[in-house]
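Visitor: Structure provided below as structure tokens; questions to follow.
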Amino acid sequence: MTPPTDLIANPDVLALELQAASGAEAIRELHARLGAVGGGVTDAPRFLADLMERAAIASVCIAADVALPHARTAGVGRMVLAVGRATQDVAFDPEHPGVRLVFLIGTPKAAVADYLKLVAGLSRLLKKPGVRAGLLTAKTEAEFLALLARGAESKR
Amino acid sequence: MKAVIDPAELLLRRLMRLLRWRLWIQEKLQPTEWQVTLLWAALAGFLGALSSILFTGLAEGVHDLFGYSGNGVGVVESMRQLPWWGCLLVPALGGTCAGLVLLLGKHIAPGQSSTDYMEAIAIGNGHVPIRASVVKSVAALFSIGSGGSIGREGPMVQLAAVLASLIGRWRQFTPPQLRLIVACGAAAGIASAYNAPIAGSFFVAEIILGTIAMESLGPLAVSAVVATLTVRVLTSAHVLYRVPEFHLNSAWEMGPYVVLGLLMGVLAPWFLRSLRQAEGFFVSLKLPLVARLTLGGLAVGAIAINVPQVAGNGYSVVVQILNGGLMWKVLLGIAACKWLATMASFGSGAPGGVFTPSLFMGASAGYLFGMAVHAVWPTAAQDPRAFALVGMGAFLSAASRAPVMAVIMLFEMTLSYDIILPLMLCSVIAYYTARGLDTRSLYSESLKTKAAAAESVAPFSTETRVADLMRVKPPVVGETARFAEIARLFLSVRVNNLYVVDAAGRFKGVVSLHDIKPYLGEPDLAELVIARDILHEDFPRVAPSQPLAEALGGFLGIAAERLPVVEPDGTLRGSLSKGDLLLALVEKRKKPVAA
């Protein structure tokens with residue numbers, strides 16, 4: 001399996017112009033694009049249901065403008081990551097009305113450690129000076145990916 | 001972004017730091033359940049020593065009460081000073097008092113018949129009844145204080161075991177743990193009675209547990225050491241038998257020692273058989289309990305009129321033998337009388353032990369044998385006292401069927417290393433000889449009858465099940481519990497896996513400390529991750545109705561110390577500890593655990 005930090009540098013899906021206005025829409029949009037590229041997703045409806053269920057249980061935001069919708073699900077065969085940047089504020093929940101960056105994660109049931117590694121890796125990446133601002137303003141996919149690649153540099 | 005860290009987040013960070021510390025300590029020290037058990041074992045040792053000191057003091061008090069001259073004069077010396085009618089009266093009176101106490105005890109503690117600590121450890125569930133044990137010990141005070149030919153180590157060990165059992169029940173130990181802590185108490189009792197910590201641990205391991213696996217020997221050793229230390233600090237205890245230096249003067253001496261081993265191997269089972277026959281004889285008289293014990297005391301007293309040395313456990317005479325202060329004809333007479341007196345005391349049912357009387361028999365027989373060899377072939381037995389010492393060990397080994405314990409005990413009681421070669425050889429030969437002649441040991445008989453009784457009482461529970469061993473109310477978290485809550489719980493309970501249950505109490509999986517350990521410094525995760533995100537649904541589990549051997553399979557391939565006990569319908573019932581399971585399986589006698 002691809003190490004979680006490498007997955008950050010090479011996400012399955014990169015969508016710099018998410019159209020969604022709500023969390024549910026953002027999840028659906030990224031989920032659909034993940035399904036379109038194929039590969040990791042083995043049971044798309046199941047995956048989506050698990051994502052929605054998890055988002056309904058507790059907040060998936062780690063900052064005012066960053067959300068990490070995720071699910072440990074039987075709907076994926078390997079860990080998958082879709083990264084999206086919204087063109088407008090996305091309301092994930094009442095406390096997080098202005099989300100702009102969305103990292104959608106699907107993890108196989110057994111991969112608890114990898115899931116934590118990926119989430120922690122993303123969290124650390126976004127804390128690096130300039131990264132979050134850079135991601136929000138990156139003009140091209142290459143620029144965006146270059147910033148993401150900094151997550152793979154440091155494995156602590 | 002927040003410019004000021006809010007108090008909740010600060011608290012969370014502190015919490016995470018605390019948990020990181022706890023993990024660091026845990027990784028450095030690796031405190032497993034075994035190590036915690038050691039702490040309780042130490043407490044059992046301390047309390048056991050205190051109870052032994054108390055018992056010794058009380059026995060001396062009773063001794064004074066019976067009109068003996070006090071001031072630390074031994075029973076034998078007191079008996080010597082008494083007129084003939086006094087010799088008769090005092091042990092008889094002691095027997096009467098002991099009988100009355102036992103009779104009274106039947107009212108105070110009705111139904112508490114199984115009082116033996118060995119039973120509680122080997123075939124029971126580790127519950128040593130308190131009142132019945134105290135009654136028996138008080139009765140023993142009278143039989144011992146009045147000069148009965150019986151040892152005081154029995155009641156001392158019993159009291160120490162009761163206290164240990166109380167600790168275990170207070171801490172709500174599972175049956176295997178409870179049995180182990182009672183065993184620790186017993187080891188403490190032996191250790192403080194004989195000032196012999198190693199022998200104390202091995203006595204219990206070899207005779208009662210039937211294993212010297214480190215799982216049980218470790219706590220036993222800790223308990224015995226603490227007990228011995230306590231006795232040494234609080235009293236003027238010293239080496240039990242001060243002996244002159246012995247040397248193996250010539251290799252030829254080993255020849256007679258081999259013969260001594262054979263001799264003791266024959267003599268010890270004979271001695272035990274005679275005790276059982278005496279018991280049978282007293283029972284056949286069909287006298288009431290009080291009359292039977294009085295008669296036993298009267299018999300001891302009658303012998304003591306002419307041979308006061310038969311009174312008590314025989315300690316002072318052994319000291320005399322080891323210092324060569326007795327003529328062989330005199331010793332032969334004393335030994336024969338002592339044999340009879342012990343039969344009278346033990347046979348009449350006087351509460352007490354036969355451990356020290358066994359040492360007496362071994363010392364006398366060894367010394368007499370040494371004298372005989374010396375007379376015929378002086379080179380082969382230059383010092384007959386060494387034969388007395390080796391004889392004690394060999395007799396003990398043959399009587400108790402615990403040669404390792406016997407060798408160590410002799411060494412510890414005398415601190416004489418010079419005799420170790422003949423002692424080891426002789427003890428082993430005596431052990432094999434005795435085993436060939438008779439399968440019953442000093443302790444096996446009563447255990448066997450009780451085990452049979454226990455089986456007939458509960459024939460359905462022929463096999464211990466997981467439900468008998470599990471601990472109820474394990475710490476749990478809900479599926480939606482946040483990372484912070486999980487971390488807090490890990491900090492307050494010492495487990496490596498937290499069980500996750502749904503609202504209906506059904507087991508969903510575990511959250512592993514190992515998984516979250518690297519991320520304790522990440523406050524973002526604390527906000528984001530909930531229990532179901534990091535749940536191991538496929539964690540092995542056992543059912544309450546599973547037999548133990550089957551449950552062991554659940555631990556294969558995972559590094560967990562505990563497994564969840566889950567009903568077939570998914571309800572979480574408790575947790576099963578690997579330590580408890582191994583203890584239960586390691587115990588030699590796989591007897592049913594009484595409910």
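Respectively, the protein sequence lines represent chains A and B.
Numbering-wise, my numbering puts 35 at position 35 of the first sequence, and it's gapless, one number per residue.
Numbering-wise, my numbering puts 164 at position 164 of the second sequence, and it's gapless, one number per residue.
Think of the CB as a built atom: it goes at the ideal place given N, C-alpha and C, for glycine as much as any other residue.
It should be emphasised that the depicted structure is a prediction, and the values quoted were computed from it without experimental measurement.
1) Taking ASN323 (chain B) as the reference, which of B:VAL300, B:SER364, B:LEU104, B:PHE355 has the closest Cα?
2) Run through the DSSP bridge pairs and tell me what PRO547 (chain B) is partnered with.
3) Counting only beta-carbon separations shorter than 8 Å, does TYR519 (chain B) have a partner in chain A?
4) Could you say which of B:TRP40, B:PHE66, B:MET79, B:LEU54 lies nearest to SER316 (chain B) if we only look at CA atoms?
5) For MET214 (chain B), count the other beta carbons within 10 Å of its own beta carbon; 16 or more makes it buried, fewer makes it exposed. Which is it?
6) So, with DSSP's three-state summary, where would you put ASN306 (chain B)?
7) Taking the DSSP output, what are the residues bridged to ASP93 (chain A)?
8) Alpha carbon to alpha carbon, what distance is there between GLY347 (chain B) and GLY280 (chain B)?
9) Report the three-state DSSP secondary structure of GLN172 (chain B) (helix, strand or coil).
10) Write down every uninterrupted run of the beta strand (DSSP E) in the segment 44-80 of chain A whose length is 3 residues or greater and which is fully enclosed by it, in chain order.
11) Could you give the distance in angstroms between the alpha-carbon of VAL501 (chain B) and the alpha-carbon of THR235 (chain B)?
12) Taking 8 Å as the threshold (C-beta atoms), are ILE150 (chain B) and GLY168 (chain B) in contact?
13) Counting only Cβ pairs nearer than 7 Å, list the residues of chain B close to ARG160 (chain A).
14) Near ASN249 (chain B), what residues of its chain come up, given a Cβ to Cβ distance below 6 Å and the 5 sequence neighbours on each side ignored?
15) Could you check if ALA344 (chain B) belongs to the surroundings of the ligand COA, using beta carbon to heavy atom distance under 7 Å?
16) Return the bridge partner residues of PRO564 (chain B) from the DSSP annotation.
17) Within 8 Å of any Cβ in chain B, is that where the Cβ of LEU68 (chain A) sits?
18) Kindly indicate the opening and closing residues of the beta strand (DSSP E) around GLU17 (chain A).
19) Would you mind stating whether LEU552 (chain B) and LEU520 (chain B) have Cβ atoms separated by less than 8 Å?
20) List the residues of chain B whose Cβ lies closer than 7 Å to the Cβ of ALA27 (chain A), in chain order.
21) Among the residues of its own chain, which have a CB less than 7 Å from the CB of LEU605 (chain B), if the five just before and after it don't count?
22) Who are the neighbours of ASP515 (chain B) on chain A, taking C-beta pairs under 8 Å?
23) Between which two residues does the alpha helix (DSSP H) containing GLY478 (chain B) stretch?
24) Terminal residues of the continuous alpha helix (DSSP H) containing SER397 (chain B)?
25) Note down the Cα distance separating THR433 (chain B) from VAL373 (chain B), rounded to an integer number of angstroms.
26) What are the residues that DSSP puts in a beta bridge with ILE105 (chain A)?
27) Determine, for VAL119 (chain A), whether the minimum Cβ-Cβ distance to residues of chain B falls below 8 Å.
28) So PHE55 (chain B) and LEU159 (chain B) are supposed to be a Cβ contact under 8 Å. How far apart are they, rounded?
29) Hey, could you find the ends of the beta strand (DSSP E) GLY509 (chain B) is sitting in?
30) Going by DSSP in three states, TYR499 (chain B) sits in which element: helix, strand or coil?
31) Within 8 Å of any Cβ in chain B, is that where the Cβ of VAL90 (chain A) sits?
32) Please tell me whether VAL477 (chain B) has its Cβ less than 8 Å away from any Cβ of chain A.
33) Suppose you measure from the CA of MET406 (chain B) to the CA of GLY147 (chain B); what does that come to, to the nearest Å?
34) Relative to chain A, which residues along the segment 537-560 of chain B have a C-beta separation below 8 Å, given in chain order?
35) Once the 5 residues before and after LEU298 (chain B) are set aside, which same chain residues still bring their CB inside 8 Å of it?
36) Would the segment 294-312 of chain B and the segment 469-480 of chain B be scored as touching if the rule is three or more Cβ pairs under 8 Å?
Guide: On the basis of the supplied data:
1) As a position in the second sequence, residue 323 (chain B) is number 323, starting the count at 1. Minimum Cα distance to ASN323 (chain B) is reached at B:SER364.
2) In the second sequence, the residue the question calls residue 547 (chain B) occupies position 547. BP columns for PRO547 (chain B) point to B:ARG465.
3) Position 519 of the second sequence holds residue 519 (chain B). TYR519 (chain B) has a beta carbon lying within less than 8 Å of a beta carbon in chain A.
4) Within the second sequence, residue 316 (chain B) is the residue found at index 316, counting from 1. Comparing Cα positions, the closest option is B:MET79.
5) Counting from one through the second sequence, the residue named residue 214 (chain B) turns up at place 214. Classification for MET214 (chain B): exposed.
6) Locating residue 306 (chain B) in the second sequence gives position 306, counting from the first residue. Reduced to three states, the DSSP call for ASN306 (chain B) is helix.
7) In the first sequence, the residue the question calls residue 93 (chain A) occupies position 93. Paired residues: A:HIS96.
8) In the second sequence, residue 280 (chain B) corresponds to position 280, counting from 1. In the second sequence, residue 347 (chain B) corresponds to position 347, counting from 1. Each residue's Cα considered, the two are about 7 Å apart.
9) Position 172 of the second sequence, counting from 1, holds the residue named residue 172 (chain B). Looking at GLN172 (chain B) - three-state DSSP - the assignment turns out to be coil, as it is neither helix nor strand.
10) Complete beta strand (DSSP E) runs here, min 3: 61-63, 70-72.
11) Here residue 501 (chain B) refers to the residue found at position 501 of the second sequence. Here residue 235 (chain B) refers to the residue found at position 235 of the second sequence. Distance between the alpha carbons of VAL501 (chain B) and THR235 (chain B) is about 55 Å.
12) Along the second sequence, one-based indexing puts residue 168 (chain B) at 168. Along the second sequence, one-based indexing puts residue 150 (chain B) at 150. No, these two residues do not count as a Cβ contact at 8 Å.
13) Summary: the structure shown does not reach residue 160 (chain A), with chain A confined to residues 1 through 156, and so no result is reported for it.
14) Here residue 249 (chain B) refers to the residue found at position 249 when the second sequence is read from its first residue. Closer than 6 Å at the Cβ level, and outside the excluded window around ASN249 (chain B), lie GLN382.
15) Although the ligand COA was asked about, the structure shown includes no ligands whatsoever.
16) If you number the second sequence from 1, residue 564 (chain B) lands on position 564. BP columns for PRO564 (chain B) point to B:SER575.
17) If you number the first sequence from 1, residue 68 (chain A) lands on position 68. Yes, LEU68 (chain A) lies at the interface with chain B (some Cβ there is under 8 Å from its Cβ).
18) Locating residue 17 (chain A) in the first sequence gives position 17, counting from the first residue. Residue range 13-18 is occupied by the beta strand (DSSP E) that includes GLU17 (chain A).
19) Position 552 of the second sequence, counting from 1, holds the residue named residue 552 (chain B). Position 520 of the second sequence, counting from 1, holds the residue named residue 520 (chain B). No, they are not a contact pair.
20) Within the first sequence, the letter at position 27 stands for residue 27 (chain A). The residue you asked about is not Ala; residue 27 (chain A) is Ile in the sequence shown. Within chain B, no residue comes near ILE27 (chain A); the closest Cβ sits about 15 Å away, beyond 7 Å.
21) For chain B, the structure presents residues 1 to 595; residue 605 (chain B) sits outside this window and is missing.
22) Counting from one through the second sequence, the residue named residue 515 (chain B) turns up at place 515. Within chain A, the residues whose beta carbon sits less than 8 Å from that of ASP515 (chain B) are VAL112, ALA113, LEU116, listed in sequence order.
23) The count along the second sequence starts at 1 and reaches residue 478 (chain B) at position 478. Premise fails: GLY478 (chain B) lies in the beta strand (DSSP E), 476-478, not in any alpha helix (DSSP H).
24) The residue given as residue 397 (chain B) occupies position 397 in the second sequence. DSSP places SER397 (chain B) in the uninterrupted alpha helix (DSSP H) bounded by 384-400.
25) Within the second sequence, the letter at position 433 stands for residue 433 (chain B). Within the second sequence, the letter at position 373 stands for residue 373 (chain B). C-alpha of THR433 (chain B) to C-alpha of VAL373 (chain B): approximately 21 Å in a straight line.
26) Locating residue 105 (chain A) in the first sequence gives position 105, where the first residue counts as 1. Residue pairing from DSSP places ILE105 (chain A) in a beta bridge opposite A:HIS70, A:LEU81.
27) For the purposes of this step, residue 119 (chain A) is taken as the residue at position 119 of the first sequence. Yes, contact with chain B.
28) To locate residue 55 (chain B), count along the second sequence from 1; it is residue 55. To locate residue 159 (chain B), count along the second sequence from 1; it is residue 159. Taking the Cβ atoms as the reference, PHE55 (chain B) lies roughly 6 Å from LEU159 (chain B), within the contact range of under 8 Å.
29) Here the question's residue 509 (chain B) lines up with position 509 in the second sequence. GLY509 (chain B) -> beta strand (DSSP E) spans 507-512.
30) Mapped onto the second sequence, residue 499 (chain B) falls at position 499. It is a strand residue.
31) Within the first sequence, numbered from 1, the residue matching residue 90 (chain A) stands at position 90. For VAL90 (chain A), not one C-beta of chain B is nearer than 8 Å to its own C-beta.
32) Taking the first residue of the second sequence as 1, we reach residue 477 (chain B) at position 477. Not closer than 8 Å to any Cβ of chain A, the Cβ of VAL477 (chain B) fails to qualify, so no.
33) Within the second sequence, residue 406 (chain B) is the residue found at index 406, counting from 1. Within the second sequence, residue 147 (chain B) is the residue found at index 147, counting from 1. At residue 406 (chain B) the sequence reads Ala, which differs from the Met that was named. Using only the alpha carbons, I get a separation of about 26 Å.
34) Within the segment 537-560 of chain B, GLU537, ASP538 place their CB atoms closer than 8 Å to a CB of chain A, listed in sequence order.
35) Within the second sequence, residue 298 (chain B) is the residue found at index 298, counting from 1. Cβ within range, chain order: LEU88, PRO91, ALA92, GLY95.
36) Counting Cβ pairs under 8 Å, fewer than three are found: no touch.
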